[in-house]
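Report on the structure given below.
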Amino acid sequence: MKIKHKSVETRYMEARREFFNGLARVDRRSFLKISAAAAGAAAASGLIPYHSFQPVAVAAEAQPAFKFAYISDSHLYEKHINDRFVRSLLRAVEDVNALDPQPDFVLYGGDLAQLGRPKELKLGAEILKGVKAPLRMMVGEHDWYLDLGAQWRELFGAPTYSFDHKGVHFVTLNSVVERDFWTARGLTPMQRMMTVAGLDNGVQSPFSVGAEQLEWLRNDLAGVAPTTPVVVFSHSPLYKLYKKWNFWTDDAEDVQALLARFANVTVIHGHTHQILTNRIGSIHFHGVLATAWPWPYAPEGLPELTIQMSRPDPFNPMDGCGNGEVHVHADGLVDKVYNLWNRAPIIVGRRYLVSNGKEAVPPAPNRISY
Amino acid sequence: MCVDFVRTGAGKGAVAAVLAAFALAGAGCEERSALKRPAHGAGGGGETEVILCDGSTPGAVAAAATGQVLADSLMDQWKRAHPERDWVEVEKEQHELKPPADNSALLKGGQGPEHPYGRVTKQELLLWARETEKFVVEGSRIFHSAELLGSTVAVSCDMCHPHAANTHPETYPKYQTQLGRAVLLRDMIEWCIENPVRGAHLSGDDPRMRALEAYIIAQRSGTVMVYGKH
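Chains as they are written, first to last, in the working numbering: chain A, 5 to 374; chain B, 11 to 240.
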């Protein structure tokens with residue numbers, strides 16, 4: 005059956021995608037034309053969202069070598085318990101499947117499940133089977149602390165692995181290793197899971213990568229030339245931002261030390277559910293959006309390079325959520341695209357980080373965290 | 011409570027005894043419950059026997075219970091078995107709470123024994139702090155519990171507002187466009203209960219609403235009030 009009627013939302017998404025795709029393809033002059041056309045089309049159909057179309061960073065200065073997409077932090081319960089989170093993940097899958105051209109692969113950034121239950125993880129695996137591009141999985145603490153990874157491994161394999169793609173060395177870590185806080189307290193597996201699942205629950209321990217994986221990483225990187233671009237996936241940010249919410253990796257310095265000899269390193273992390281940007285020496289860090297809910301910015305420790313996203317609108321459950329793309333340049337540095345569902349996309353570009361925040365500055369928010 | 015105590019003429023010793031009991035209970039629940047068999051994954055009905063956190067009290071939970079139901083039901087059974095133990099300490103250990111203001115300066119000075127107004131004892135200060143804190147801690151428990159909030163989608167406030175972040179109690183009253191009027195903090199709490207949390211309506215004087223308000227305001231202690239701020 006041919007579908008004649010398109011919903012307001014579908015038409016808006018189409019107009020926006022057109023605008024968005026145009027951005028990456030064109031030079032500055034035609035960029036402005038497309039931007040105006042897309043904004044005009046959106047205005048004509050009465051679809052200017054809450055945060056109206058803003059020109060995002062000027063079209064990339066060079067074509068990226070390749071792109072991958074990401075989906076993250078879906079926090080699934082079984083459908084009969086909470087269907088909203090399920091619908092959000094389905095929407096993200098639709099989004100990445102609609103990308104034209106298709107990304108080389110899709111990163112899942114962790115926290116597929118809310119309480120690590122087999123039914124949650126299996127539901128997630130089933131939905132992610134719908135992703136057309138190859139899928140790369142990363143684990144989050146919500147996936148792990150009920151059975152310490154048993155079900156996750158069964159579904160997705162080892163959480164720590166590396167691969168090479170078009171000249172870039174990719175590494176995926178399990179950065180949510182917690183010290184055993186449960187045995188001494190006699191916690192049940194579910195009590196352990198519930199403790200870790202509370203972002204502001206102080207009984208749990210800080211995240212870390214741990215000695216075993218550090219050793220693995222040392223060996224893995226041993227044969228990689230310092231000129232090879234390296235991209236690392238970790239669920240928690242591989243630096244120390246805010247310990248009380250585990251926006252934090254306890255042995256981050258050890259990981260950074262192993263990465264220091266490479267000319268260009270990009271870390272893509274989940275967990276923080278927000279636009280987050282940092283740079284430590286040659287290592288560029290980018291957060292990703294969640295599909296489930298956005299998180300407030302931590303009350304202290306925000307990296308200087310981070311340009312916040314405007315505070316979410318509580319009246320729209322999808323606001324501040326989304327998915328996105330990573331445009332990888334030949335040198336391994338990336339343009340990070342935040343595809344916010346309720347707003348114009350925001351690109352935190354390679355040039356912004358390389359220039360230490362002086363060039364290609366993303367649009368500033370007017371509703372910052374306080 | 012303080013007023014009650016004065017009117018009924020109970021001796022100060024009684025208050026001191028109550029406070030001592032609180033202090034003794036301060037150790038809280040260090041040893042948690044151990045499940046005899048796992049309650050998750052079973053899917054079906056029936057109950058799972060558990061041993062509560064003291065290592066001896068037997069209890070039972072529905073095998074199909076979700077995590078939060080499970081946690082709360084265990085907590086309730088444990089509290090019934092140990093009325094003397096201190097759930098306040100348990101909650102405080104989990105969710106760092108701001109302490110109430112320090113009023114110890116009130117112990118100094120005053121206008122002499124002939125001027126009873128302004129005379130404050132150490133016990134009274136302890137009582138004020140303890141009761142105020144308990145109110146806030148109860149709010150924290152509700153804020154962090156989908157079950158106590160009556161959520162039909164297993165969502166609690168802390169999932170989006172860790173440590174009550176982005177709740178901005180100091181900005182009320184303020185106009186909320188989508189509600190079409192200027193509202194109080196409790197109206198926005200109510201909105202979040204009914205919408206993201208998908209819970210049942212709580213009236214403004216419901217004890218749970220009052221406790222939630224207490225917790226949220228307490229977490230922003232020290233912030234300057236600027237009503238109408240967006």
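Glycine residues also receive a C-beta, built at the ideal position from the N, C-alpha and C atoms.
Close-in-space but distant-in-sequence residues of the same chain around residue i (CB under 8 Å, 5 per side omitted)
i: B:Arg208; result: Ser161, Thr162, Val163 and Val165
i: B:Ser114; result: Leu135
i: A:Gly120; result: His146, Asp147, Trp148, Tyr149, Leu150, Asp151, Gln155, Trp156 and Met197
i: B:Arg17; result: Caution is warranted here: a pLDDT of 32 is assigned to B:Arg17, below 50, making its placement in the model unreliable, and the coordinate value is therefore given only provisionally. For B:Arg17, where only same-chain residues beyond five positions count, there are no Cβ hits under 8 Å.
i: B:Asp82; result: Ser155, Glu157 and Leu158
Alpha-carbon spacing of residue i relative to residue j, whole angstroms
i: B:Glu103; j: B:Trp97; result: 10 Å
i: A:Leu344; j: A:Leu94; result: 15 Å
i: A:Gln155; j: A:Glu219; result: 25 Å
i: A:Ala102; j: B:Leu222; result: 43 Å
i: A:Ala162; j: A:Ala264; result: 25 Å
i: A:Ile351; j: B:Asp197; result: 36 Å
i: B:Asp112; j: B:Glu124; result: 26 Å
i: A:Val269; j: A:Tyr243; result: 14 Å
i: A:Ala129; j: B:Pro172; result: 28 Å
i: A:Val110; j: A:Ala294; result: 14 Å
i: A:Gly114; j: A:Val180; result: 10 Å
i: B:Tyr237; j: A:Ala96; result: 38 Å
i: A:Ser286; j: A:Phe266; result: 8 Å
i: B:Asn176; j: B:Gln188; result: 18 Å
i: A:Ile75; j: B:Leu116; result: 56 Å
i: A:Pro105; j: A:Lys136; result: 12 Å
Same chain, Cβ closer than 7 Å to residue i, neighbours up to 5 away in sequence not counted
i: A:Gln278; result: Gly291, Pro298, Trp299, Tyr301 and Met313
i: B:Thr142; result: Pro110
i: B:Leu194; result: Tyr182 and Pro183
i: A:Trp186; result: Arg196
i: B:Val147; result: Val98, Glu101, Lys102 and Leu107
i: A:Asp99; result: Asn327 and Asn343
i: A:Arg354; result: His333, Leu337, Val338 and Asp339
i: A:Ile131; result: Leu93, Leu94 and Val97
According to DSSP, residues forming a beta bridge with residue i
i: A:Asn327; result: A:Asn343
i: A:Ala117; result: A:Leu80
i: B:His173; result: Per DSSP, none; premise fails for B:His173.
i: A:Ile85; result: In DSSP, A:Ile85 forms no bridge with anything.
i: A:Phe251; result: A:Tyr246
i: A:Ser212; result: A:Val181
CB of residue i within 8 Å of CB of residue j, strictly
i: A:Ala368; j: A:Ile311; result: yes
i: B:Gly69; j: B:Leu84; result: yes
i: A:Leu80; j: A:Phe72; result: no
i: A:Gly206; j: A:Lys248; result: yes
i: A:Pro321; j: B:Pro206; result: yes
i: A:Ala334; j: A:Ser92; result: no
i: A:Phe174; j: A:Ser166; result: yes
i: A:Arg315; j: A:Ser373; result: yes
i: A:Asn250; j: A:Pro210; result: yes
i: A:Asn282; j: A:Leu309; result: yes
i: B:Leu137; j: B:Arg218; result: no
i: A:Val235; j: A:Val172; result: yes
Start-to-end residues for the beta strand (DSSP E) that takes in residue i
i: B:Ile227; result: Per DSSP, B:Ile227 belongs to no beta strand (DSSP E); it is in the alpha helix (DSSP H), Pro217 to Gln229.
i: A:Asp168; result: Tyr165 to His169
i: B:Met235; result: Careful: B:Met235 lies outside any beta strand (DSSP E) and carries neither H nor E.
i: A:Phe174; result: Val172 to Thr176
i: A:Asn282; result: Thr281 to Ile284
i: A:His146; result: Run containing A:His146: none in the beta strand (DSSP E); it sits in the alpha helix (DSSP H), Glu145 to Trp148.
i: A:Ile272; result: Val269 to His273
i: A:Val235; result: Val234 to Ser238
i: A:Ile75; result: Phe70 to Ile75
i: B:Leu137; result: It is not in any beta strand (DSSP E) - B:Leu137 instead sits in the alpha helix (DSSP H) that spans Lys132 to Phe153.
i: A:Arg140; result: Leu139 to Met141
i: A:Gln67; result: Per DSSP, A:Gln67 belongs to no beta strand (DSSP E) and is neither H nor E.
i: A:Leu111; result: Val110 to Tyr112
i: A:Gln278; result: No beta strand (DSSP E) contains A:Gln278, which DSSP labels as neither H nor E.
Where the alpha helix (DSSP H) containing residue i begins and where it ends
i: A:His290; result: Per DSSP, A:His290 belongs to no alpha helix (DSSP H); it is in the beta strand (DSSP E), Ile287 to Gly291.
i: A:Val352; result: Run containing A:Val352: none in the alpha helix (DSSP H); it sits in the beta strand (DSSP E), Ile350 to Val352.
i: A:Lys123; result: Pro122 to Leu132
i: B:Val98; result: Trp97 to Gln104
i: B:Gln121; result: Looking at the DSSP string, B:Gln121 is not in any alpha helix (DSSP H), and its letter there is neither H nor E.
i: A:Phe160; result: Ala154 to Phe160
i: B:Val193; result: It is not in any alpha helix (DSSP H) - B:Val193 instead sits in the beta strand (DSSP E) that spans Arg191 to Val193.
6 Å CB neighbourhood of residue i in its chain, flanking five on each side removed
i: A:Val358; result: none
i: B:Ile199; result: Leu222
i: A:Glu329; result: Lys71, Ala73 and Val341
i: A:Leu221; result: Leu262
i: B:Thr131; result: none
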